[in-house]
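Asker: For reference, the structure I am asking about is given below.
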Amino acid sequence: MALFIKKVLWGKCTGLSFVDGTPLRVCKNQRIHIHKTFKGVTECSMGWFFGFTLHLICNERGELLNFMITLGDVDDRRPLDYKAFVEFIYGKLVGDKGYIGKNLFRDIQ
């Protein structure tokens, strides 16, 4: 699947990129206490969930530039610390309020 995405859906950075994260729920909230495979519960803007977070970077045409899957309790800004995630991104990177932070602002200047 990852190979298909990289070959067919991959785009090129144009100087304007958008980053966002979305929850990947593993099970319903009613089953959290009996689910043993993935541990950890976290809260997002839509309430509590159990699972992972998919972080995406795309250009203004909607073409994927990069993606990363993290545990659900990882801060939205954390993937931007990894050089491989933002290696080929240049210009402006636009994100929602979950990406605001003093350290990130200092690092991108």
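Numbering (the working numbering), first residue to last: 2 to 110.
Beta carbons are placed, not taken as given, at the ideal position from N, Cα and C, and that holds for glycine.
(1) Please report how far the alpha carbon of residue 94 lies from the alpha carbon of residue 103, in whole angstroms.
(2) What does residue 70 pair with, by DSSP beta-bridge criteria?
(3) Identify every residue that forms a DSSP beta bridge with residue 98.
(4) Measuring alpha carbon to alpha carbon, tell me which of 52, 84, 98 and 22 ends up nearest residue 59.
Answerer: In terms of the structure at hand:
(1) 16 Å
(2) 55
(3) According to DSSP, which records beta bridges pairwise, residue 98 is partnered with nothing at all.
(4) 22
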